[in-house]
Every structure is written in C-alpha cells, then in structure tokens.
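Reading through the structure tokens given below for one structure.
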Amino acid sequence: MSLVELHAIHKSFGALEVLKGIDLSIDEGQVIALIGKSGSGKSTLLRTINGLEAIDDGVIMVGGKKISERDTDLLALRLQVGMVFQQFNLFPHYTALENVMLSPQVVKKQSKPEAREIAEEMLTKVGLADKMMHYPDQLSGGQQQRVAIARALAMKPKVLLCDEVTSALDPELVNEVLAVVRQLAEEGMTLVMVTHEMRFAREVCDKLVFMHQGRIHETGDPEEVFANPKTPELSSFVGGLA
Amino acid sequence: MSEFSLWDIVYNLLLAARWTVLLSLTAFVLGGIVGLLLLMVRTAGNPWVVRFVRGYVELFQGTPLLMQLFIVFFGLPLIGLDVSPWVAATFGLTLFTSAFLTEIWRGCVESVGRGQWEASASLGMNFTQQMRYIVLPQALRIAIPPTVGFSVQVVKGTAVASIIGFVELTKAGTMITNATYAPFTVYGCVAVMYFLICYPLSLFARHLEGKFRNVAR
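As they're listed, the protein sequences go chains A and B.
Mind the numbering: the first sequence is residues 1 to 242 in full-length UniProt numbering, read in order.
Mind the numbering: the second sequence is residues 1 to 217 in full-length UniProt numbering, read in order.
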C-alpha cells in the first residue's frame, strides 16, 4: 500500500486552476522529483500534501486514512509529513538546537532531555554538531537549510517534502544541502522534492514526475524519462535545460 | 488666600497624582489583557470576529475619549448600573486602551512573515502553539517600543476622567485653583507632574527602540 495517495486533486486560486486533477501515489522509500516550468503547479501540489494549501476537490490518503479539512486531521497529517522550505523559515528567536527541539517538546510532548537528544542526533546527522548554539542569523544559508532539515526530521515524519530547498542558496552552498538530501535518500527516507537540480534528480530519484499546466504530463524512471522524453513538452523542457 | 503655600499645592497635587498613576496602570493592564484577547481572536481569522474587532477599533479610534467616558458614565446608569467615577473612568479607559493596543499589536503580528506560520504548521503545531512559541515572541519584541510609547497617551488620557468628577491630578488642580485663585502656579505644577510621569516613559520607549532595532532575537 502506498504511503500517500493523491486522487483527482483540484485546486484553484480564484479563476486560475493550478491543479487540474492530480493522481499520484508515493510508496515507502520512494524518492520522487517533481519537475516542470514555474507555474506548472508543482509547488502547489507539494503544499497540498501536508495541507498548507487546502484542496478544492479530490482525496488525500495518508497511511490508508483519508484526510479531511478538519484541524485534527491536518495536525495528524503533518505528524507524518514533514516539510523543508525554499526560504528555510527557521525561527529567528531560537538557536539551531531550540529550533529542532521545539516541536518534539510542544507537539509530541516529549521531555526536554528526550527532545534534546533527538535534536542533537539530527543536527549531528546534517553536520552541524558544532553550530547548535548558534542563532539562524549567525549561520550561512546552507547551514540554515540543514538546520531546517534536521528540524523536520526530529518529528520522525514518514515522508519529507522538499520545496526547492536549494533555490535560495548561493551556488557554492548548494552541494552541502544536496549531500544531506542524498544521504537521506540512501537511508531509505521517503522524499518528494520540487527541484530544478536536474542532475541531482536524475542521480538520486527513482521516480520523476513532470508537471505541465496543472497536470502530470509524464512520469517514469528518471534515466528513461530524460533519455527518451515521450511528449514534446518534456522534450523541450529537458532540451531547454541542456 | 495666603494659607496655601507652594508646598501645600504640590503636596495635595502629589496625593492626587497617585490616582493618575493608579488609573493609568489599571487601564493599561486591563486594556492590555482585553487587547491581547481581541488580537488572538482576530488573528484566528473568523471573518465575523475580524469585522467586529475592526469595528471596535474604529469606533474607539474615531471618537474622542471624552465622549467615550461620557457615554460610559451616563450610559451605564440607563441600563441600571450605577457606577462611580472611578469605575466609569477605569472601564472607559480600558476600552480605549484595548482598541489602540490591539491595533498596534496587530501590525506587529502581521510583520511576522507567512513563512513562520507555515513552518510551524508543517511541524504540527496548532494555532495556540504557533502564537505562543513562534509568532508572539517575535511580535512582542517589535511591539514593546510602540506599546511603551502608547502608555504615555494613556497617562495623558486619564486627565479626561476629571470631567466626570474623578479626583486625579487634573481634577485636583481645578479644585486647588478654586481655593487658591492661582491657576498659573497650580496648573504649572500639574503640567510638571504629568511631564515627570510621561518623560521617563518616552525615554524608556526610545531606549527600547534602539535596543530592539534590527535584532531578531
């Protein structure tokens, strides 16, 4: 059974329909890349998966359970689905350690030592054991993003959503973040990422989803899809990147 | 009228100034509590509640404080509540303060970016947790200087309570003037006392402004 199932998802912003019936299943351990031009709906789709965008129509199932718009359902959903943002969105008034500890303590009601242990473990995992006491504005963009990844991981989500996690970074900082994502993929974490890093997507992902005008236009094995795009849209998208 | 020395005037004004301070503090604390509640329900976002709070704020910002006190003082007896000047003044100033503070704080809460709400939501926090751990701590830092600055307005606003017969600093000044026929001296002393209460608050607000400028944490 799939971990997350999206069925016939529709979403409009005013008169603009950005998602026109999306079906997608995410299996455990799968690493999925969502690609497409800006405005194709890929970020919106990602945000619907953890309820940051309410859907107009369709069904989201997590672990076989249908998610409704009720707040309790949303909170339950978000315990399973973590998210990392383009702009990091660290809490500026807390240290790196506190950023990571906060949710386990507040949401999961873990004791402070427990939360601290997990937070230290996660920050060590992303290579920031020596930066725990730093505030976000004392960290580079790449370090901030790694804290954000650790913060999401501390909640032990079943799926991690990554929304263009390297797009706001200076080029020389991209690799340290991608290395962390790659490591997660290798450890078997289920990942869904919106990305413009095509080479990375090709190397790391096992499913590529190409979105075009609010629909899933083409999907498949990354190597296969990049080598033999079946539709002219994907062909031109891939060609435009090369 | 030689039995009134300057010291007598100052002494009696000082006694009355205690009421000014007490009324200011009460109105500020109660107004702050009401303002915070209004802020919370408004931020939670029910459209009817948002409309109500907006109307409330505009009502109190759009009418003179004096009228508000008159309406409280003369209006409450009409519905069977006989209130003392102290209660009427406290009540009126609390409403006035809450309307202004909730508006000041709304701006501060809105200055906390959408990304902070989204990040905390994605971590599974509910609205109360988001407010308590993420939004309010950041908003309060921004809010402290203008809030302290507004407290000066509250102190000066208490002078209006003299009209409904509450004996605070201004009312005491009027009464002493009637006895001494020395309005310039008396009101001069009154003004100095208001200044001595308000100026430190202004300085404090300015100090905080410098301290919190560009500091996120």
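Built from N, CA and C at the ideal position, the CB exists for glycine as well.
For this session: For A129/A, count neighbouring Cβ atoms within 10 angstroms of its own Cβ and tell me buried if that reaches 16, exposed if not.
Result: A129/A is exposed by the Cβ-count criterion.
Exercise. If contact means a Cβ-Cβ distance below 7 Å, which residues of the region 112 to 123 of chain B contact chain A?
Worked result: The region 112 to 123 of chain B vs chain A, Cβ under 7 Å: G115, Q116, E118, A119, A121, S122, L123.
Exercise. If we cut at 7 Å on Cβ distances, does R116/A have a partner in chain B?
Worked result: At a cut-off of 7 Å between C-beta atoms, R116/A does not count as an interface residue with respect to chain B.
For this session: Verify the CB distance criterion: does M61/A have a CB-CB separation below 7 Å to chain B?
Result: Among the CB atoms of chain B, none fall inside 7 Å of the CB of M61/A.
For this session: Confirm, please, whether the CB-CB distance from L65/B to V160/B is below 7 Å.
Result: Yes, they are a contact pair.
Exercise. So what does residue 247/A bridge to, in DSSP terms?
Worked result: Nothing in the structure corresponds to residue 247/A, since chain A is present only between 1 and 242.
Exercise. For M131/B, which residues from the same chain have a beta carbon less than 8 Å from its beta carbon, with the 5 sequence-adjacent residues on both sides left out?
Worked result: Once the five neighbours on either side are set aside, the close Cβ partners of M131/B are M40, T43.
Problem set entry | CB contact check: Q129/B to chain A, cutoff 7 Å | Yes - at least one Cβ of chain A is within 7 Å of the one on Q129/B.
Problem set entry | Bounding residues of the alpha helix (DSSP H) (the contiguous stretch that carries C189/B) | Counted as a single uninterrupted DSSP element, the alpha helix (DSSP H) harbouring C189/B occupies residues 183 to 212.
Problem set entry | Residue span of the alpha helix (DSSP H) that contains A33/A, given as start and end | Counting along the chain, A33/A falls outside any alpha helix (DSSP H), though it belongs to the beta strand (DSSP E) covering 31 to 35.
Exercise. For residue 243/A, which three-state DSSP category applies?
Worked result: Nothing in the structure corresponds to residue 243/A, since chain A is present only between 1 and 242.
For this session: For M125/B, decide whether its Cβ has a neighbour in chain A, counting only Cβ atoms nearer than 7 Å.
Result: Contacts with chain A at 7 Å (Cβ-Cβ) include M125/B.
Exercise. So is I134/B in contact with chain A if we call contact Cβ pairs under 7 Å?
Worked result: Interface flag for I134/B against chain A is set, since a Cβ pair is found closer than 7 Å.
Problem set entry | Rounded Cβ spacing between L75/A and G173/B (contact assumed at less than 8 Å) | About 58 Å; that fails the 8 Å criterion.
Problem set entry | Neighbouring residues, chain A, relative to P145/B (Cβ below 8 Å) | Within chain A, no residue comes near P145/B; the closest Cβ sits about 17 Å away, beyond 8 Å.
Exercise. Nearest chain B C-beta to V106/A closer than 7 Å, yes or no?
Worked result: Yes, V106/A lies at the interface with chain B (some Cβ there is under 7 Å from its Cβ).
Exercise. With a CB to CB cut of under 6 Å and the five nearest residues on each side skipped, what residues in its chain are close to G149/B?
Worked result: Counting only Cβ-Cβ distances below 6 Å, and skipping sequence neighbours, we find A205.
Problem set entry | Members of the region 86 to 97 of chain A that neighbour chain E once the beta carbon cut-off is set at 7 Å | Absent from the structure: chain E. Protein chains present are A and B.
Problem set entry | Residues, ordered as in the chain, of the region 42 to 67 of chain B that lie near chain A by beta-carbon distance below 9 Å | Within the region 42 to 67 of chain B, not one residue has a Cβ closer than 9 Å to any Cβ of chain A.
Problem set entry | CB contact below 7 Å: P200/B versus chain A | With 7 Å as the cut-off, P200/B does not count as an interface residue toward chain A.
Problem set entry | Residue range of the alpha helix (DSSP H) that includes G142/A | 141 to 153 is the extent of the alpha helix (DSSP H) around G142/A.
For this session: Let me know the secondary structure DSSP gives F13/A once reduced to three states.
Result: Per DSSP, reduced to three states, the secondary structure at F13/A is strand.
Problem set entry | One or two residues paired with V159/A in a DSSP bridge | In the DSSP output, where bridge partners are listed per residue, V159/A has V81/A, T190/A.
Exercise. Going straight from the alpha carbon of Q138/B to that of Q86/A, what length do you get?
Worked result: Approximately 21 Å, taken between the alpha carbons.
Problem set entry | Buried versus exposed call for K11/A [16 or more other C-beta atoms within 10 Å across all chains shown] | K11/A should be labelled buried.
Problem set entry | Contacting residues, own chain, Cβ-Cβ under 8 Å from L30/B (five flanking each side not counted) | Here L30/B has T90, T94, T97, S98 as same chain residues with Cβ atoms under 8 Å from its own Cβ, once five neighbours each way along the sequence are excluded.
For this session: Give the C-beta separation of V10/B and C189/B to the nearest angstrom, bearing in mind that I take them to be a contact with Cβ-Cβ under 8 Å.
Result: Going by Cβ atoms, the distance from V10/B to C189/B rounds to 6 Å, so yes, they are a contact pair.
Exercise. Across which residues does DSSP place G220/A in a beta bridge pair?
Worked result: G220/A is bridged to L208/A.
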